[in-house]
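Participant:
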Amino acid sequence: MNYKESIQETIHRLDKELREISLKIHDDPELGDQEHHAYALLTNYLEKNGFKITYKAAGLETAFMAEFSNSHSGRRVGFCCEYDALPGIQGLACAVSIKTLMEQDLIQGSVVLFGTPAEESTSGKINFVKEKIVQDKVDFAMMLHPAAADDLYSKTLALDSLVVEFFGKSSHAGQAPWNGINALDALMQGFDNIGMLRQQTLPTNRIHGIIKSGGESANVIPAYASAEFYARSLSKQHLVELKAKMENCFKAAALATGSDLRLAWATKGPIDDVFNNETLLSRFKHHMECEGVNYRPREEEERNLSGSTDMGNFSYVVPAIHPTFGIYVSVPNHTREFTEAARTPEAHQYTLRAAQCLSLTAVEVLSNDEIYQHVLDDFQIGKK
Numbered sequence: 001m002n003y004k005e006s007i008q009e010t011i012h013r014l015d016k017e018l019r020e021i022s023l024k025i026h027d028d029p030e031l032g033d034q035e036h037h038a039y040a041l042l043t044n045y046l047e048k049n050g051f052k053i054t055y056k057a058a059g060l061e062t063a064f065m066a067e068f069s070n071s072h073s074g075r076r077v078g079f080c081c082e083y084d085a086l087p088g089i090q091g092l093a094c095a096v097s098i099k100t101l102m103e104q105d106l107i108q109g110s111v112v113l114f115g116t117p118a119e120e121s122t123s124g125k126i127n128f129v130k131e132k133i134v135q136d137k138v139d140f141a142m143m144l145h146p147a148a149a150d151d152l153y154s155k156t157l158a159l160d161s162l163v164v165e166f167f168g169k170s171s172h173a174g175q176a177p178w179n180g181i182n183a184l185d186a187l188m189q190g191f192d193n194i195g196m197l198r199q200q201t202l203p204t205n206r207i208h209g210i211i212k213s214g215g216e217s218a219n220v221i222p223a224y225a226s227a228e229f230y231a232r233s234l235s236k237q238h239l240v241e242l243k244a245k246m247e248n249c250f251k252a253a254a255l256a257t258g259s260d261l262r263l264a265w266a267t268k269g270p271i272d273d274v275f276n277n278e279t280l281l282s283r284f285k286h287h288m289e290c291e292g293v294n295y296r297p298r299e300e301e302e303r304n305l306s307g308s309t310d311m312g313n314f315s316y317v318v319p320a321i322h323p324t325f326g327i328y329v330s331v332p333n334h335t336r337e338f339t340e341a342a343r344t345p346e347a348h349q350y351t352l353r354a355a356q357c358l359s360l361t362a363v364e365v366l367s368n369d370e371i372y373q374h375v376l377d378d379f380q381i382g383k384k
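Numbering (the UniProt record's numbering) for the sequence shown: 1 to 384.
What follows is the structure in structure tokens.
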């Protein structure tokens, strides 16, 4: 039995089990860092299938690592699965498929499945990177995500969040407004400055914010006002530059109004853009095309700016890819209609097809020295 036949047989054998797990997670959606049901479901399944489980990995209550190895000298592949609201069985299917090949001694090495919670909120993968778990455990990492269409080259954006707080002085707005320092005015001035900054910044940058607090009574000068902003850029370096300009917008508002200012970026640090490895991506594309998938021209995909994902942080410490696979609907991700479509038998089969192709990509890198060297070369060139 060759690699492809083994992977196909394994995924076919797991089809019903994976479908049941997928539906159980889908029908009991959980918020980020609260995925206790999905966490138990996935870890129990993996443990029964012979993986060594690390519970509460990276210091996160609902994170895990599932590991299997048949060689201490072979290369090490990592897959990621997410399970905050949408099921992540594609990573599960890949990990079990590669483990089966190792048990059959068709390939040598190690496979790790990273269970990474809260991609949509607190970005669990950042913890795995900060604690150097990814760097120490795997040589390359891969992940799939469902979408309306198949996509390889759309740009994800680096992201950081900012809490802005202005502190002024309360006073009666009718009797003695001159005795007050209006924190809300300062915040609104900051918003105006941000609006003017947008004209002078890169068209690929994104700045969006909301007011969290702006006073409690119209006849009282607000002594406190706060807002939350997101900053996004095409690369982590562009994000550093954008953040500095945003800070100046609020510092100027504080100076103009005489208020005090507190700025707090996300304590975990920013989410990086995804630095896709060209060799990994081209091998995955090849296997998908062999299954009949047709991709749009690369230049067309690259014009598309998608959201942000903490898989970007993985991609700057090990060679990585994060392609999307289509479930072929006319609505985008993060809509009720897409969520309903993700539950269908058709979407399940598209998921397994993509998992098979990602598994084949992993096999090539694990077993072929030349391909692995190309992966490393791409990674080093991109980091310069």
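Where a beta carbon is used, it is the ideal one built from N, C-alpha and C, also for glycine.
#1: Put Tyr-230 into one of helix, strand or coil per three-state DSSP.
#2: If you run the structure through DSSP and keep just helix, strand and coil, what is Met-143?
#3: Considering just the uninterrupted stretch of the alpha helix (DSSP H) at Glu-119, what are its terminal residues?
#4: Where in the segment 11 to 57 do unbroken runs of the alpha helix (DSSP H), each at least 4 residues long, occur, reported from the N-terminal end onward?
#5: Could you tell me if Lys-99 is buried or exposed, where buried requires 16 or more neighbouring beta carbons within 10 angstroms of its beta carbon?
#6: In or out: Ser-217 buried (at least 16 other Cβ within 10 Å) or exposed?
#7: Starting from Gly-312, follow the alpha helix (DSSP H) in both directions and report where the run begins and ends.
#8: Take Ile-327 as the anchor and find which of Thr-122, Thr-267, Ala-341 and Thr-335 has the nearest alpha-carbon.
#9: Taking a contact to mean a Cβ-Cβ separation below 8 Å, would you say Ile-107 touches Leu-366 in this structure?
#10: Can you tell me which of Cys-357, His-238 and Glu-278 puts its alpha carbon nearest to the alpha carbon of Gln-380?
#11: Do you know offhand how far Tyr-3's Cα is from Leu-101's?
#12: On the criterion of 16 or more Cβ atoms from any shown chain inside 10 Å, does Arg-303 qualify as buried, or is it exposed?
#13: Less than 7 Å between C-beta atoms, sequence neighbours within five positions excluded: which residues of the same chain meet that for Pro-222?
#14: Smallest Cα separation from Pro-117: which of Asp-15, Asn-294, Glu-82 and Val-129?
#15: Tell me whether the beta-carbon of Gly-78 lies closer than 8 Å to the beta-carbon of Val-138.
#16: What does a CB cutoff of less than 8 Å around Met-246 pick up in its chain, not counting 5 residues either side in sequence?
#17: Along the beta strand (DSSP E) that carries Lys-251, what are the first and last residues, could you check?
#18: Using only CA atoms, which one of Glu-346, Asp-192, Leu-360 and Leu-46 lies nearest to Asn-248?
#19: What does DSSP give as the partner residues of His-208 in its beta bridges?
#20: Using the Cβ count rule (16 or more neighbours within 10 Å means buried), how would you classify Arg-75?
#21: Using only alpha-carbon positions, find the residue among Ser-282, Thr-339 and Ile-126 that is nearest to Tyr-153.
#22: Below 8 Å on the Cβ atoms is my guess for His-348 versus Ser-22; work out the distance and round it to an integer in Å.
#23: Alpha helix (DSSP H) containing Val-134: first to last residue?
#24: CB Leu-144 to CB Ala-355, shorter than 8 Å?
#25: Where does the unbroken alpha helix (DSSP H) through residue 391 begin, and where does it stop?
#26: According to DSSP, simplified to helix, strand and coil, what is Ala-66?
#27: Can you tell which of Ser-6, Arg-19, Glu-9 and Ile-7 has its C-alpha closest to the C-alpha of Glu-346?
#28: For Ser-233, which of Ser-308, Gln-199 and Ala-225 has the nearest alpha-carbon?
#29: If you draw a straight line from the alpha carbon of Tyr-39 to that of Ser-171, how long is it in whole angstroms?
Facilitator: The structure says:
#1: Taking the sequence shown and counting its residues from 1, the one referred to as residue 230 is at position 230. The answer is strand: DSSP assigns Tyr-230 an E or B state.
#2: Position 143 of the sequence shown, counted from the start, is the residue given in the question as residue 143. Coil.
#3: Here residue 119 refers to the residue found at position 119 of the sequence shown. Note, Glu-119: premise wrong, no alpha helix (DSSP H); not H, not E.
#4: 36 to 48
#5: The residue you call residue 99 lines up with position 99 of the sequence shown. Answer is buried; the Cβ neighbour count reaches 16.
#6: Translated into positions along the sequence shown, residue 217 becomes position 217. Exposed: under 16 other Cβ atoms inside 10 Å.
#7: Here residue 312 refers to the residue found at position 312 when the sequence shown is read from its first residue. It spans 311 to 315 - the alpha helix (DSSP H) in which Gly-312 sits, taken as one unbroken run.
#8: The sequence position of residue 327 within the sequence shown is 327, counting from 1. Closest option to Ile-327, Cα to Cα, is Ala-341.
#9: Here residue 107 is taken as the residue at index 107 of the sequence shown, counted from 1. Here residue 366 is taken as the residue at index 366 of the sequence shown, counted from 1. It is a contact, given that the beta carbons lie within the stated cut-off.
#10: Within the sequence shown, residue 380 is the residue found at index 380, counting from 1. The shortest Cα separation from Gln-380 among Cys-357, His-238 and Glu-278 belongs to Glu-278.
#11: Taking the sequence shown and counting its residues from 1, the one referred to as residue 3 is at position 3. Taking the sequence shown and counting its residues from 1, the one referred to as residue 101 is at position 101. Their Cα atoms are separated by approximately 7 Å.
#12: Here residue 303 refers to the residue found at position 303 when the sequence shown is read from its first residue. Looking at its Cβ environment, which holds fewer than 16 other Cβ atoms inside 10 Å, Arg-303 is exposed.
#13: Here residue 222 corresponds to residue number 222 of the sequence shown, with the count starting at 1. Gly-168, Asn-182, Ala-183, Leu-184, Gly-214 and Gly-215, listed in sequence order.
#14: Your numbering for residue 117 matches position 117 in the sequence shown. The shortest Cα separation from Pro-117 among Asp-15, Asn-294, Glu-82 and Val-129 belongs to Glu-82.
#15: Stepping through the sequence shown from its first residue, residue 78 is reached at position 78. Stepping through the sequence shown from its first residue, residue 138 is reached at position 138. Yes; because the gap between Cβ atoms is below 8 Å, this pair is in contact.
#16: Sequence index remark: in the sequence shown, residue 246 carries index 246 (1-based). Leu-162, Ile-194, Leu-197, Ile-207, Phe-229 and Ala-231, listed in sequence order.
#17: Position 251 of the sequence shown, counted from the start, is the residue given in the question as residue 251. Note, Lys-251: premise wrong, no beta strand (DSSP E); alpha helix (DSSP H) at 236 to 257.
#18: Locating residue 248 in the sequence shown gives position 248, where the first residue counts as 1. Here the closest residue by C-alpha is Asp-192.
#19: Taking the first residue of the sequence shown as 1, we reach residue 208 at position 208. According to DSSP, which records beta bridges pairwise, His-208 is partnered with Tyr-230.
#20: Translated into positions along the sequence shown, residue 75 becomes position 75. When all chains shown are included, Arg-75 counts as buried.
#21: Along the sequence shown, read from residue 1 onward, the residue named residue 153 stands at position 153. It is Ser-282 whose Cα lies nearest to the Cα of Tyr-153.
#22: The residue given as residue 348 occupies position 348 in the sequence shown. The residue given as residue 22 occupies position 22 in the sequence shown. Going by Cβ atoms, the distance from His-348 to Ser-22 rounds to 6 Å, so yes, they are a contact pair.
#23: Counted from its first residue, the sequence shown places residue 134 at position 134. Val-134 -> alpha helix (DSSP H) spans 133 to 137.
#24: For the purposes of this step, residue 144 is taken as residue 144 along the sequence shown, with counting starting at 1. For the purposes of this step, residue 355 is taken as residue 355 along the sequence shown, with counting starting at 1. Contact flag set, yes.
#25: Shown here, the chain extends from 1 to 384; a query on residue 391 therefore has no answer.
#26: The count along the sequence shown starts at 1 and reaches residue 66 at position 66. Three-state result, Ala-66: strand.
#27: Taking the first residue of the sequence shown as 1, we reach residue 346 at position 346. If we check each option's Cα against that of Glu-346, Arg-19 comes out closest.
#28: In the sequence shown, the residue the question calls residue 233 occupies position 233. Closest by alpha carbon: Ser-308.
#29: In the sequence shown, counting from the first residue as 1, residue 39 sits at position 39. In the sequence shown, counting from the first residue as 1, residue 171 sits at position 171. Going by the C-alpha atoms only, they are around 51 Å apart.
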